[in-house]
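Residue numbers (the numbering used here): 1 to 140.
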(Lines of atoms letter the chains of each structure in order from A; the text may use other names.)
(Lines give C-alpha, C1' and ligand atoms only; values in the text may rest on other atoms or scores of the structure.)
Protein backbone atom coordinates (compact mmCIF):
# COMPACT_ATOMS: atom_id res chain seq x y z
CA UNK A 1 0.00 0.00 0.00
CA UNK A 2 2.90 2.32 0.82
CA UNK A 3 4.35 1.82 -2.68
CA UNK A 4 0.99 2.43 -4.32
CA UNK A 5 0.65 5.77 -2.52
CA UNK A 6 4.18 6.77 -3.59
CA UNK A 7 3.49 5.88 -7.21
CA UNK A 8 0.21 7.82 -7.15
CA UNK A 9 1.96 10.92 -5.81
CA UNK A 10 4.69 10.70 -8.45
CA UNK A 11 2.15 10.28 -11.25
CA UNK A 12 0.13 13.25 -9.98
CA UNK A 13 3.24 15.44 -9.95
CA UNK A 14 4.27 14.34 -13.43
CA UNK A 15 0.83 14.85 -14.92
CA UNK A 16 0.69 18.49 -13.84
CA UNK A 17 4.26 19.47 -14.70
CA UNK A 18 5.20 16.88 -17.30
CA UNK A 19 3.11 18.20 -20.17
CA UNK A 20 4.76 17.26 -23.44
CA UNK A 21 5.89 20.21 -25.53
CA UNK A 22 4.86 19.92 -29.20
CA UNK A 23 7.75 20.01 -31.67
CA UNK A 24 8.35 23.40 -33.33
CA UNK A 25 6.44 25.27 -30.61
CA UNK A 26 7.26 28.98 -30.82
CA UNK A 27 5.33 30.50 -27.94
CA UNK A 28 4.14 29.74 -24.43
CA UNK A 29 0.70 30.85 -23.33
CA UNK A 30 0.24 31.66 -19.65
CA UNK A 31 -3.38 30.75 -18.95
CA UNK A 32 -4.47 33.04 -16.12
CA UNK A 33 -6.85 35.91 -15.49
CA UNK A 34 -4.98 36.96 -12.34
CA UNK A 35 -1.64 37.83 -13.98
CA UNK A 36 -0.85 41.49 -14.60
CA UNK A 37 1.80 43.32 -16.59
CA UNK A 38 3.55 44.32 -13.36
CA UNK A 39 3.79 40.70 -12.15
CA UNK A 40 5.19 39.63 -15.53
CA UNK A 41 7.66 42.53 -15.61
CA UNK A 42 8.82 41.68 -12.09
CA UNK A 43 9.50 38.03 -13.03
CA UNK A 44 11.40 39.09 -16.15
CA UNK A 45 13.52 41.50 -14.11
CA UNK A 46 14.15 38.76 -11.52
CA UNK A 47 15.49 36.61 -14.38
CA UNK A 48 17.90 39.29 -15.59
CA UNK A 49 15.89 40.91 -18.40
CA UNK A 50 15.47 44.69 -18.55
CA UNK A 51 12.12 46.07 -19.69
CA UNK A 52 12.36 48.06 -22.94
CA UNK A 53 8.71 49.05 -23.42
CA UNK A 54 5.26 48.42 -22.02
CA UNK A 55 1.88 49.35 -23.48
CA UNK A 56 -1.69 48.16 -23.06
CA UNK A 57 -1.14 45.09 -25.25
CA UNK A 58 2.51 44.06 -25.00
CA UNK A 59 5.70 44.10 -23.00
CA UNK A 60 9.17 43.93 -24.60
CA UNK A 61 12.58 43.41 -23.04
CA UNK A 62 16.05 44.61 -23.92
CA UNK A 63 18.48 42.04 -25.32
CA UNK A 64 20.12 39.76 -22.77
CA UNK A 65 23.19 37.60 -23.39
CA UNK A 66 22.75 33.94 -22.50
CA UNK A 67 25.79 31.80 -23.25
CA UNK A 68 27.00 33.33 -26.52
CA UNK A 69 23.63 34.47 -27.91
CA UNK A 70 21.47 37.55 -27.43
CA UNK A 71 17.77 37.14 -26.64
CA UNK A 72 14.79 39.40 -26.08
CA UNK A 73 11.30 38.47 -24.91
CA UNK A 74 7.94 39.77 -26.14
CA UNK A 75 4.83 39.22 -23.99
CA UNK A 76 1.47 39.91 -25.62
CA UNK A 77 -1.89 40.12 -23.87
CA UNK A 78 -4.42 37.69 -25.33
CA UNK A 79 -7.88 36.54 -24.26
CA UNK A 80 -7.51 34.52 -21.06
CA UNK A 81 -3.81 35.13 -20.48
CA UNK A 82 -0.51 36.16 -21.99
CA UNK A 83 1.55 34.85 -24.89
CA UNK A 84 5.34 34.77 -24.39
CA UNK A 85 7.90 34.47 -27.19
CA UNK A 86 11.68 34.67 -27.08
CA UNK A 87 13.77 35.91 -29.99
CA UNK A 88 17.34 34.95 -30.91
CA UNK A 89 19.29 37.94 -32.20
CA UNK A 90 22.22 37.24 -34.51
CA UNK A 91 24.74 39.96 -35.25
CA UNK A 92 26.59 37.88 -37.82
CA UNK A 93 26.65 39.42 -41.25
CA UNK A 94 27.71 37.29 -44.21
CA UNK A 95 28.85 38.77 -47.50
CA UNK A 96 27.89 36.73 -50.56
CA UNK A 97 29.70 38.98 -53.03
CA UNK A 98 28.35 41.47 -55.57
CA UNK A 99 26.89 43.61 -52.79
CA UNK A 100 24.59 40.89 -51.42
CA UNK A 101 24.86 40.30 -47.69
CA UNK A 102 22.75 39.03 -44.85
CA UNK A 103 22.63 41.51 -42.02
CA UNK A 104 21.71 41.02 -38.41
CA UNK A 105 18.75 38.69 -37.95
CA UNK A 106 16.05 38.30 -35.30
CA UNK A 107 14.52 34.83 -35.23
CA UNK A 108 11.87 33.35 -32.95
CA UNK A 109 13.47 30.67 -30.76
CA UNK A 110 11.59 27.39 -31.04
CA UNK A 111 11.51 24.01 -29.39
CA UNK A 112 13.76 22.47 -32.01
CA UNK A 113 17.41 21.87 -32.72
CA UNK A 114 20.19 20.27 -30.76
CA UNK A 115 20.43 20.55 -26.99
CA UNK A 116 22.95 23.40 -27.00
CA UNK A 117 21.74 25.24 -30.11
CA UNK A 118 20.75 28.89 -29.90
CA UNK A 119 17.10 27.96 -30.43
CA UNK A 120 17.01 25.39 -27.60
CA UNK A 121 18.97 27.58 -25.15
CA UNK A 122 16.47 30.41 -25.65
CA UNK A 123 13.49 28.07 -25.48
CA UNK A 124 14.69 26.57 -22.19
CA UNK A 125 15.08 30.08 -20.73
CA UNK A 126 11.52 30.92 -21.80
CA UNK A 127 10.14 27.70 -20.25
CA UNK A 128 12.07 28.35 -17.03
CA UNK A 129 10.52 31.82 -16.74
CA UNK A 130 7.02 30.61 -17.73
CA UNK A 131 7.14 27.81 -15.13
CA UNK A 132 7.98 30.34 -12.41
CA UNK A 133 4.50 31.90 -12.76
CA UNK A 134 2.93 28.64 -11.52
CA UNK A 135 -0.05 28.89 -13.88
CA UNK A 136 -1.23 26.42 -16.53
CA UNK A 137 0.77 26.60 -19.76
CA UNK A 138 -0.17 25.96 -23.38
CA UNK A 139 2.20 25.78 -26.31
CA UNK A 140 1.70 27.29 -29.73
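Beta carbons: idealized from backbone N, C-alpha and C, even for Gly.
Fair warning: this is a prediction, and the values are worked out from it, not measured in the lab.
In this structure, does DSSP put residue 81 in helix, strand or coil? Along the chain shown, one-based indexing puts residue 81 at 81. Three-state DSSP puts residue 81 in a strand.
So, helix, strand or coil for residue 72, using DSSP? Taking the first residue of the chain shown as position 1, residue 72 is located at position 72. Looking at residue 72 - three-state DSSP - the assignment turns out to be strand.
Leaving out five residues on either side along the sequence, give the residues of the same chain with a beta carbon under 8 Å from the beta carbon of residue 122. By one-based count along the chain shown, residue 122 stands at place 122. Here the set comprises 66, 69, 71, 86, 87, 88 and 109.
Would you identify the three-state DSSP class for residue 105, choosing helix, strand or coil? Position 105 of the chain shown, counted from the first residue, corresponds to residue 105. Strand, per DSSP.
Compare the C-alpha of residue 104 against each of 134, 132 and 90 and name the closest. For the purposes of this step, residue 104 is taken as the residue at position 104 of the chain shown. For the residues 134, 132 and 90, the minimum Cα distance to residue 104 belongs to 90.
So if DSSP puts residue 60 in a beta bridge, which residue, or which two residues, is it bridged to? Against the chain shown, residue 60 aligns to sequence position 60. DSSP output for residue 60 lists 53 and 74 as bridge partner(s).
Can you find the residues in the same chain that come closer than 6 Å, C-beta to C-beta, to residue 199, ignoring five residues on each side of it along the sequence? It is not possible to answer for residue 199, since the shown part of the chain is limited to 1 through 140.
With DSSP as the reference, please indicate the residues paired to residue 90 in a beta bridge. The sequence position of residue 90 within the chain shown is 90, counting from 1. Paired residue(s): 105.
6 Å Cβ shell around residue 60 - same chain, five flanking residues per side excluded: In the chain shown, counting from the first residue as 1, residue 60 sits at position 60. The answer, listed in chain order, is 52, 53 and 74.
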